[in-house]
Amino acid sequence: MAATTRVLASGAGWHVADVICTAGAGDRPFEEAHQDFCVAAVTGGTFRYRAQQGTAMLAPGSLLLGNSGTCYECGHEHGSGDRCLSFHFRPAYMERIVAGVPGARALTFEAPRLPPFPTLAPLLAEAEAAREMADTEAFEELSLRIAAATVATVSNATPVRRAPSRRDQKRVAEAVRRIELDADGPVSLSALADETATSPYHFLRTFRQVAGMTPYQFLLKTRLHRAAVRLRLSNDAISAIAFDAGFNDLSTFNRRFRRVMGETPGNYRARRPSG
């Protein structure tokens, strides 16, 4: 089977890969075993997926569901090629996610796939955009959100909105200060969660509820704000400002700045008052 797998990002207990397959109707089905729990978002093409839970046709927008330690088979008798964003979770990591989803019942997936649900579409689009922009820092949060949304959907779980406690608010305030202090370098969601003695998913959910955005969104906001201020106050090269703010790639900085500020960094600087 002609397939290439490129790991986009990884951490303790998880990783995400871009999987491109060029197999066609004349190729033998691909057989392998899931080493971890797998939630793979199909972003192009179609293929048949047969696993312990059953057989399903996978198309763009659907999610392949794989249980750790089980065998599976993929075939392309109906067309050539496909592409997936494949999220993988070690059992202990997945167990912590399931424990943090209100109403979730079990760790094992009972169906081979989720169809293209409209409620999941914005999240999957966000993940595909992160892949195209090579935004590796976004994938830690995205993996947690996709795993939790999948678990909630297959469990028919209804989220329970509870007001954040004073302790939760204190934890988020401390995390905000940490992000502001270290915004010019890598900030790990897992490390932030460990400092608050909570699971990564619980921390992510609480932070979003208290701060109104995710930790990564707050990190980007902080970086872009500092870059914008420096563009107005200095004549430093835009590339230097981008790198000092924590962006590893100038093109990524330019795209994000334009999306948030509505114009390029160069145009933004050109509009500053003279003198």
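Read in order, the letters of the sequence shown correspond to residues -12 to 262 in this note's numbering. For every residue, glycine included, the Cβ atom is placed at its ideal position computed from N, Cα and C. All values reported here derive from a predicted model rather than from experimental measurement.
Check your understanding: Hey, out of V3, G233, L72 and S152, whose CA is closest to T193's CA?
Key -> If you number the sequence shown from 1, residue 193 lands on position 206. Relative to T193, the option among V3, G233, L72 and S152 whose CA is nearest is S152.
Point to revise | Straight-line gap, F17 to R35 (C-alpha atoms, nearest Å) | key: Stepping through the sequence shown from its first residue, residue 17 is reached at position 30. Stepping through the sequence shown from its first residue, residue 35 is reached at position 48. The straight-line gap from Cα to Cα measures roughly 10 Å.
Practice item. Rank P202, L72 and C25 by C-alpha distance to the C-alpha of M81 and give the top, closest one. Key: Numbered from its first residue, the sequence shown carries residue 81 at position 94. For the residues P202, L72 and C25, the minimum Cα distance to M81 belongs to C25.
**Study point:** P173 burial status per 10 Å Cβ neighbour count (16 or more: buried)
**Key:** The sequence position of residue 173 within the sequence shown is 186, counting from 1. It is exposed - the Cβ of P173 has fewer than 16 other Cβ atoms within 10 Å.
Check your understanding: With 16 as the cutoff for other CB atoms within 10 Å, does A162 come out buried or exposed?
Key -> Taking the sequence shown and counting its residues from 1, one reaches residue 162 at position 175. Burial call: buried.
**Study point:** Inter-residue Cα distance where the pair is L101 and E127
**Key:** Translated into the one-based positions of the sequence shown, residue 101 becomes position 114. Translated into the one-based positions of the sequence shown, residue 127 becomes position 140. Computed Cα separation, rounded: 22 Å.
Check your understanding: In the DSSP assignment, what are the bridge partners of E18?
Key -> Start at 1 with the first residue of the sequence shown, and residue 18 comes out as number 31. Per DSSP, the beta bridge partners of E18 are E60.
Review point. Buried or exposed: where does R257 fall if 16 or more other Cβ atoms within 10 Å of its Cβ makes it buried?
Key: Position 270 of the sequence shown, counting from 1, holds the residue named residue 257. It is Ala, not Arg, that sits at residue 257 in the sequence shown. Exposed, because fewer than 16 other Cβ atoms sit within 10 Å of the Cβ of A257.
Practice item. Could you check which residue in S221, R213 and V247 has the C-alpha nearest to that of A232? Key: Reading the sequence shown from its first residue, position 245 is the one you call residue 232. Measuring from the Cα of A232, the nearest candidate turns out to be R213.
Practice item. Measure from the alpha carbon of E243 to the alpha carbon of each residue in R217, V216, L207 and I225, then state which is nearest. Key: Within the sequence shown, residue 243 is the residue found at index 256, counting from 1. Looking at the sequence itself, residue 243 is Arg, so the reference to Glu does not match. Among R217, V216, L207 and I225, the Cα nearest to that of R243 belongs to L207.
Review point. Relative to the C-alpha of T9, which residue among A150, N222, T33 and D23 is closest?
Key: The residue labelled residue 9 in the question sits at position 22 within the sequence shown. Nearest option by C-alpha distance: T33.
Check your understanding: At what residues does the alpha helix (DSSP H) containing R164 begin and finish?
Key -> Here residue 164 is taken as the residue at index 177 of the sequence shown, counted from 1. Run containing R164: R153 to L168, per the alpha helix (DSSP H) assignment.
Exercise for review: Take T95 and list the residues in its own chain whose beta-carbon comes closer than 8 Å to its own, dropping the five residues that flank it on each side.
Suggested key: Position 108 of the sequence shown, counted from the start, is the residue given in the question as residue 95. Hits under 8 Å: N54.
**Study point:** Local conformation of T270 per DSSP, three classes
**Key:** As shown, the chain starts at -12 and ends at 262. That puts residue 270 outside it, with no answer to give.
Point to revise | Residue from S67, R165 and I225 with nearest C-alpha to Y203 | key: Taking the sequence shown and counting its residues from 1, one reaches residue 203 at position 216. When only C-alpha atoms are compared, the closest one is R165.
Exercise for review: Just mark C71 as buried or exposed, buried being the case when its beta carbon has 16 or more other beta carbons within 10 Å.
Suggested key: Stepping through the sequence shown from its first residue, residue 71 is reached at position 84. Under this definition C71 is a buried residue.
Exercise for review: Measure the C-alpha to C-alpha separation of A284 and L131 and round it to an integer number of angstroms.
Suggested key: This structure leaves residue 284 out entirely; the chain is present only between -12 and 262.
Practice item. Tell me whether the beta-carbon of Y59 lies closer than 8 Å to the beta-carbon of H21. Key: Position 72 of the sequence shown, counting from 1, holds the residue named residue 59. Position 34 of the sequence shown, counting from 1, holds the residue named residue 21. Yes, the pair counts as a contact, with Cβ atoms nearer than the cut-off.
Point to revise | Alpha-carbon to alpha-carbon, V88 and D69 | key: The count along the sequence shown starts at 1 and reaches residue 69 at position 82. The count along the sequence shown starts at 1 and reaches residue 88 at position 101. One C-alpha to the other measures close to 31 Å.
Check your understanding: T140 to D23, Cα distance in whole Å?
Key -> Taking the first residue of the sequence shown as position 1, residue 140 is located at position 153. Taking the first residue of the sequence shown as position 1, residue 23 is located at position 36. Between T140 and D23, the C-alpha separation is close to 20 Å.
Exercise for review: Name the residue from G(-2), L(-5), E124 and G31 whose alpha carbon lies nearest to the alpha carbon of H63.
Suggested key: Within the sequence shown, numbered from 1, the residue matching residue 63 stands at position 76. Of the candidates G(-2), L(-5), E124 and G31, the one whose C-alpha sits nearest the C-alpha of H63 is G31.
Practice item. Return the chain-ordered list of same chain residues with a C-beta closer than 7 Å to the C-beta of M44, the five sequence neighbours on each side being excluded. Key: The residue you call residue 44 lines up with position 57 of the sequence shown. Excluding residues within five positions, the ones whose Cβ falls inside 7 Å are T33 and R35.
Point to revise | Cβ shell of F230 (< 7 Å), same chain only, five flanking positions each side left out | key: Reading the sequence shown from its first residue, position 243 is the one you call residue 230. The answer is none, since no qualifying residue turns up.
Exercise for review: Take the Cβ of R83 as the centre, count every other Cβ of all protein chains shown within 10 Å, and call the residue buried at 16 or more, exposed below.
Suggested key: In the sequence shown, the residue the question calls residue 83 occupies position 96. It counts as buried.
Exercise for review: Verify the contact flag: A180, CB atom, against every heavy atom of the ligand PLP, threshold strictly below 7 Å.
Suggested key: This structure simply doesn't include the ligand PLP, nor any ligand for that matter.
Check your understanding: What is the rounded straight-line gap between the Cα of R210 and the Cα of N235?
Key -> Taking the first residue of the sequence shown as 1, we reach residue 210 at position 223. Taking the first residue of the sequence shown as 1, we reach residue 235 at position 248. Spanning the two alpha carbons is a distance of roughly 12 Å.
Point to revise | Sequence-distant residues of the same chain with beta carbon closer than 7 Å to A117, five excluded per side | key: Taking the first residue of the sequence shown as position 1, residue 117 is located at position 130. Hits under 7 Å: A125, F126 and L129.
Review point. Going along the chain, which residues of its own chain have a beta-carbon closer than 6 Å to the beta-carbon of I7, five neighbours each way excluded?
Key: To locate residue 7, count along the sequence shown from 1; it is residue 20. Closer than 6 Å at Cβ, skipping near neighbours: T(-9) and R70.
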